[in-house]
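Q:
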Amino acid sequence: MPNTSPRLLALLCAGSGLVVAAVLLVVTATPPVAVVLGALGAYLPVAMVDGRVRRRRRELAEVWPEAVDDLASAVRAGMSLPDAVAALAERGPEPLRAAFDAFALDYQVTGRFGDCLDRLKERLADPVGDRVIEGLRIAREVGGGELGRLLRNLSGYLRDDQRTRAELEARQSWAVNAARLAVAAPWLVLLLMSAQPDVIGRYRSATGSLILVVGAGLCVVAYRLMMRVGRLPGERRLLA
1136 MPNTSPRLLA LLCAGSGLVV AAVLLVVTAT PPVAVVLGAL GAYLPVAMVD
1186 GRVRRRRREL AEVWPEAVDD LASAVRAGMS LPDAVAALAE RGPEPLRAAF
1236 DAFALDYQVT GRFGDCLDRL KERLADPVGD RVIEGLRIAR EVGGGELGRL
1286 LRNLSGYLRD DQRTRAELEA RQSWAVNAAR LAVAAPWLVL LLMSAQPDVI
1336 GRYRSATGSL ILVVGAGLCV VAYRLMMRVG RLPGERRLLA
């Protein structure tokens, strides 16, 4: 999301929270309920961005071994490493083509392989991509008969790593789904109760407002703890 700045994301969060609060204020006529659920609704844009980050990293992790295999094939066919990397703009995996197309143009203009790799790493902003790019930098320095072997070893390592991580994420999914269900359930019940004015009206009092605030705080703390317990170690970017 190169066109989305932190300021724009903050404005989206504020707008989302205000819309949710306004709708619930009209439906429930209970300001405390509208304020608390509006505050929770303000988190929706952040959750969407986090989801896109996770999906993009999974997508790129799945296609990097194929890209390295293409590089190894091109090198065996007699292409130089820079030309093989630039060729991924046309015959590489679809999610990576735009970044490598920019690399090809950059290398054509400057001819500086190391600097072009640095800019490619910035465009991708991907932990797996960092490993591949640093591997390419080493491969460029090694060269000779070891280049093809290095690329094949890198491809095998990436496949093994992706297979292991996919198994761990499949086992982790129950904790994530349980945390989301546990947090969403009481607020869904509260929304259903909004159809009963005599019940929802009890939250207009100071005691009802306190219950809502404490409940929201406990839900946030419990959700963060559950996600922390079930979270896999995040991949760190190399030399970023």
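Residue numbers (my numbering): 1136 to 1375. Heads up, the beta-carbon is just placed ideally off N, CA and C, and yes, glycines get one too. The structure presented is a predicted model; accordingly, all values stated were derived computationally and were not measured.
In this structure, does DSSP put T1299 in helix, strand or coil?
A: T1299 falls in the helix class under three-state DSSP.
Q: On the three-pair Cβ rule with 8 Å, is the segment 1283-1300 touching the segment 1319-1333?
A: The segment 1283-1300 is not in contact with the segment 1319-1333.
Q: Comparing C-alpha positions only, which one of L1146, V1267, L1179 and V1356 sits nearest to S1290?
A: With distances taken between Cα atoms, S1290 lies closest to V1267.
Q: Between E1302, A1237 and W1322, which lies nearest to G1176 when the distance is taken from Cα to Cα?
A: Measuring from the Cα of G1176, the nearest candidate turns out to be W1322.
Q: What number of angstroms, rounded off, separates the C-alpha of G1350 from the C-alpha of T1139?
A: Between G1350 and T1139, the C-alpha separation is close to 32 Å.
Q: Can you grab the Cα-Cα spacing for the pair P1166 / L1146, in whole Å?
A: Each residue's alpha carbon lies about 22 Å from the other.
Q: What residue range does the alpha helix (DSSP H) around R1254 cover?
A: Its alpha helix (DSSP H) spans residues F1248 to L1259.
Q: For S1151 and A1234, what's the separation of their Cα atoms in angstroms?
A: Each residue's alpha carbon lies about 32 Å from the other.
Q: Quick check on the burial criterion: 16 or more other C-beta atoms within 10 angstroms. Buried or exposed for P1200?
A: That one is buried.
Q: Between the Cα of L1252 and the Cα atoms of V1220, D1185 and G1352, which residue gives the shortest distance?
A: Among V1220, D1185 and G1352, the Cα nearest to that of L1252 is on V1220.
Q: Thinking A1209 and A1222 are a contact (beta carbons under 8 Å), I'd like their distance in whole angstroms, please.
A: Indeed they touch by this definition, with Cβ atoms about 6 Å apart.
Q: Just checking my contact of L1160 with A1169 at CB under 8 Å: how many whole Å lie between their CB atoms?
A: So it is a contact: roughly 4 Å between Cβ atoms.
Q: Hey, out of L1345, R1337 and G1352, whose CA is closest to T1163's CA?
A: Selected option, being the one with the closest Cα: R1337.
Q: Just verifying my parser: in three-state terms, what is the DSSP assignment at G1227?
A: Correct three-state label for G1227: coil.
Q: Let me know the secondary structure DSSP gives T1245 once reduced to three states.
A: Note: T1245 maps to helix in three-state DSSP.
Q: Check this for me: beta carbons of A1274 and L1325, under 8 Å apart or not?
A: Not closer than 8 Å, so no.
Q: Work out the CA separation of A1212 and N1312 for me, nearest whole Å.
A: Their Cα atoms are separated by approximately 48 Å.
Q: Mind checking which residues open and close the alpha helix (DSSP H) that includes A1202?
A: First-last of the alpha helix (DSSP H) with A1202: L1179 to R1211.
Q: So, for V1171: in the same chain, excluding its five sequence neighbours on each side, which residues have a beta-carbon less than 7 Å away from its beta-carbon?
A: Correct list, in chain order: L1347, V1348 and A1351.
Q: Considering only the alpha carbon of each residue, which of A1314, V1181 and C1148 lies closest to R1359?
A: If we check each option's Cα against that of R1359, A1314 comes out closest.
Q: Does the Cβ of G1270 have 16 or more other Cβ atoms within 10 Å, making it buried, or fewer, making it exposed?
A: Answer is buried; the Cβ neighbour count reaches 16.
Q: Taking D1205 and G1227 to be in contact with their CB atoms under 8 Å, please state how far apart those CB atoms are, rounded to whole angstroms.
A: With a Cβ gap of about 6 Å, D1205 and G1227 count as contacting.
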